[in-house]
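Colleague: Chains as they are written, first to last, in the working numbering: chain Z, 1 to 124; chain F, 125 to 359.
A virtual CB, placed ideally from N, CA and C, is assigned to each residue, including glycine.
Below are the structure tokens for one structure; questions will follow.
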Amino acid sequence: MEKNFKQSSRSGAVAWLLQRISAVILFVLLLFHFLTYHFLTRGRSVDYQQVLERSQSWWFPLLQFAFLLTALYHGLNGVWSVLEDYTASRGWRLVWFSLLLTVGLALLFVGTLTIIKLYTLKVA
Amino acid sequence: MAKIDIHVNILRYRPESDEKPRWQEFAISVDDESTVLDVLNEIHWQHDGTLAYRRSCRSSICGSCAMKVNGRNVLACETPIHRFGRKLKIEPLSGFQIIKDLVVDLDPFFEKLQRIKPYLILDKSLPDKEFVQTPAQLEQIGESTLCILCAACSAACPSSWPNSEYLGPAALLKAYRFVFDSRDDGADQRLEIVNDKNGVWRCHTIFNCMEACPKKIKITEYLSRLKLKVVENSL
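In structure tokens, the structure reads:
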């Protein structure tokens with residue numbers, strides 16, 4: 001019995017801490033996102049042209065990439081922690097983990113492409 | 125007190141004859157100020173002597189009579205039936221093996237409690253008189269010492285249901301109670317035990333334990349403090 005309760009490097013402490021840190025980062029990034037996209041619009045209403053202009057500021061790819069990474073980590077880590085609760089077998093855990101990793105990498109790829117596209121799109 | 129007619133559905137299970145648990149309805153007349161335990165006693169004494177349930181102190185101190193009534197984990201002895209209207213649905217606590225009717229096997233629950241060493245561990249020599257604790261030090265653990273080990277919290281925890289190895293809120297609360305006790309020297313040992321994939325990290329702050337606790341202990345909050353302590357200790 002005792003052996004099941006020994007400390008291990010995969011105890012969950014790091015995942016728990018990173019989940020909290022990523023939540024704080026997400027909150028700050030979200031505030032920044034709303035401020036820059038929806039409120040600091042110099043009196044103009046938000047339209048496609050304006051979003052496109054903003055998307056081509058030097059900070060846009062940095063902000064959006066940070067957003068993408070943090071949101072993906074936070075979301076997938078949360079789902080993984082729930083799946084761990086309900087999946088006892090190592091085999092199924094490996095299947096779920098691989099699936100989450102694949103989904104994460106695919107979304108990272110698509111998200112990165114979108115950020116680059118928006119940054120390099122020619123403003124009319 | 126006035127008499128009222130109520131319908132009580134009880135999940136029955138007799139291991140010697142039942143393949144699986146079944147519902148049995150009783151239509152009885154009881155005092156309107158009755159508790160759930162009074163209702164069970166009435167059924168046991170006047171209608172069906174084979175009904176099995178645990179009871180002892182009748183003062184919500186012993187923790188024997190925790191069960192699920194209309195979907196909520198309660199202590200039968202302290203819960204008035206007027207909270208539920210005229211229809212009661214009584215089941216044993218979830219997540220435990222049923223021994224008979226409302227009696228569940230709590231051995232795994234107490235085994236987990238033992239794992240976190242639920243007693244004072246001392247490295248220092250005993251003081252001449254009593255240990256001195258400041259009001260602030262006592263305040264830190266005061267509420268957590270009120271736990272009566274009724275298992276209502278662990279039975280309400282969704283993380284406990286699929287994972288029989290998870291320590292569960294009651295054992296973790298007991299770990300908190302000693303880790304944060306200024307008199308205790310066993311914090312490192314206990315933090316090592318709870319810092320496990322089946323320890324404190326399986327708690328996802330769902331708050332079911334707090335809702336179920338008949339002593340209204342802020343279990344989730346204390347487990348969050350325990351998590352922070354584990355992380356601080358690891359860094």
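(1) According to DSSP, what are the bridge partners of Pro204(F)?
(2) Can you tell me whether Phe208(F) is buried or exposed? The criterion is at least 16 other CB atoms within 10 Å of its CB, across all chains shown.
(3) Under 7 Å Cβ-Cβ, which residues of chain Z neighbour Val303(F)?
(4) Under the rule that 16 or more other beta-carbon atoms within 10 Å means buried, what is Asn4(Z), buried or exposed?
(5) On the DSSP letters alone, give me the boundaries of the beta strand (DSSP E) that Ile214(F) sits inside.
(6) Kindly identify the DSSP beta-bridge partner or partners of Lys192(F).
(7) Would Asn332(F) pass as a contact of Ala280(F) if the rule is Cβ separation under 7 Å?
(8) How many Å lie between Glu335(F) and Cys277(F) at the Cα?
(9) Within its chain, find whatever has a CB closer than 8 Å to the CB of Leu108(Z); leave out the 5 residues flanking it on each side and keep chain order.
(10) List, in chain order, every chain F residue whose beta-carbon is nearer than 7 Å to that of Gly12(Z).
(11) Any beta carbon of chain Z sitting closer than 7 Å to that of Ser358(F)?
(12) Find the nearest neighbour of Leu83(Z) within the set Val228(F), Tyr300(F), Pro282(F) and Ala311(F), judged by alpha-carbon distance.
(13) In three-state DSSP terms, what is Ser153(F)?
(14) Assuming Val355(F) and Ala13(Z) make a contact with CB atoms under 8 Å, what is their CB distance in whole Å?
(15) Is Val256(F) helix, strand or coil when you go by DSSP?
(16) Starting from His33(Z), follow the beta strand (DSSP E) in both directions and report where the run begins and ends.
(17) Could you tell me whether any Cβ in chain Z is nearer than 7 Å to the Cβ of Val354(F)?
(18) At 7 Å on the CB atoms, spell out the chain F contacts of Tyr86(Z), in chain order.
(19) For Gln264(F), I'd like the list of residues in its chain whose CB is within less than 7 Å of its CB, leaving aside the five on either flank, ordered along the chain.
(20) Tell me the residue span of the alpha helix (DSSP H) that contains Val46(Z).
(21) Along chain Z, which residues have their Cβ under 8 Å away from the Cβ of His328(F)?
(22) Can you give me the C-alpha to C-alpha distance between Glu215(F) and Met191(F), rounded to a whole angstrom?
Modeller: According to the structure shown:
(1) Thr159(F)
(2) buried
(3) Here the premise fails: no neighbours, minimum Cβ distance about 15 Å.
(4) For Asn4(Z), the pLDDT reaches just 40, beneath the cut-off of 50, and the residue's location in the model is therefore unreliable, although a value from the coordinates is still provided. When all chains shown are included, Asn4(Z) counts as exposed.
(5) Membership of Ile214(F) in the beta strand (DSSP E) is indicated by the continuous run Lys211 to Glu215.
(6) Asn197(F) and Glu215(F)
(7) At the C-beta level, Asn332(F) and Ala280(F) come within 7 Å of one another.
(8) Taking the straight line from one Cα to the other gives about 8 Å.
(9) Leu68, Leu69 and Leu72
(10) Lys321 and Trp325
(11) yes
(12) Pro282(F)
(13) strand
(14) Yes, Val355(F) and Ala13(Z) are in contact; Cβ-Cβ is about 6 Å, under 8 Å.
(15) coil
(16) Unbroken run through His33(Z) is the alpha helix (DSSP H), Ala13 to Phe34; no beta strand (DSSP E).
(17) yes
(18) Chain F residues near Tyr86(Z): Pro286.
(19) Phe304, listed in sequence order.
(20) First-last for Val46(Z): undefined, no H or E at that position.
(21) Within chain Z, Ser81, Val82 and Asp85 have C-beta atoms less than 8 Å from the C-beta of His328(F), given in sequence order.
(22) Going by the C-alpha atoms only, they are around 6 Å apart.
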